[in-house]
Amino acid sequence: MRFRERVRVPPSWWVLAVLFAATLAVAFGFYLGRGFALAVGLPAFVFVGLGFLAASYVIEVDETELRVGRAVIGRDWVGAVVPLDVAATRTRTETGADARAHLVLRPWVSTTVEIALDDPADPVPYWLVATRRPGALAAALGWVPDPDAKPQGSRRG
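Here the working numbering is used: the first residue of the sequence shown is 10, the next is one more, and so on.
As structure tokens, then:
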């Protein structure tokens, strides 16, 4: 295994989930009683927590393939790899986006790696994958930083 990262919801979002459930519990509890507070607050937290768990994914790179969640592509089809900083990610997901791209983005991760595909039969031009370690993921896919240039946001293959 050359690279592995589990992209999870940060602890601050779990705090927000607790506050959301507590707010619902207080509102229902005040109006309908303590029994309803627990009956609404606990399931609210469970449902939000299950959503958070479902939103996490694993990025794995080995000698033969790249896995991002359930999506898999052979390393033979990986072209140029570009680690993107926060500003470049914002540009690439807004005005510089391609509607055919495969996007794996989460609002709690602000950096990405753009992975171009060299498969003429595939209409997807690139994958844009949210990662907290864009340099390490790009390096695992063969990107070599240029010491004379700004590494993030510049194309290297």
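Note that beta-carbon positions come from the ideal geometry of N, C-alpha and C, so glycine has one too.
Under the 10 Å beta carbon count, Gly50 is surrounded by 16 or more other beta carbons and is classified as buried. Of Leu150, Gly144 and Val95, the smallest CA-CA separation from Ala89 is found for Leu150. Rounded to the nearest whole angstrom, the CA to CA distance from Arg79 to Tyr40 is 44 Å.
Judged by DSSP secondary structure, Leu47 falls within the alpha helix (DSSP H) whose first and last residues are Arg43 to Ala64. Within 10 angstroms of the beta-carbon of Ala46 lie 16 or more other beta-carbons, which makes it buried. Under the three-state reduction of DSSP, Ala130 is assigned to coil, being neither helix nor strand. With respect to the 7 Å criterion, Val138 and Val77 are classified as neighbours on the basis of their beta carbons.
Around the CB of Arg43, fewer than 16 other CB atoms lie within 10 Å, so the residue is classed as exposed. Along the length of the region 75-104, whole alpha helix (DSSP H) runs at least 4 residues long occupy 95-102, reported in chain order. DSSP places Leu112 within a strand segment (E or B) once states are collapsed to three. Per the Cβ contact rule, the region 102-112 is not in contact with the region 48-66 (fewer than 3 Cβ pairs under 8 Å).
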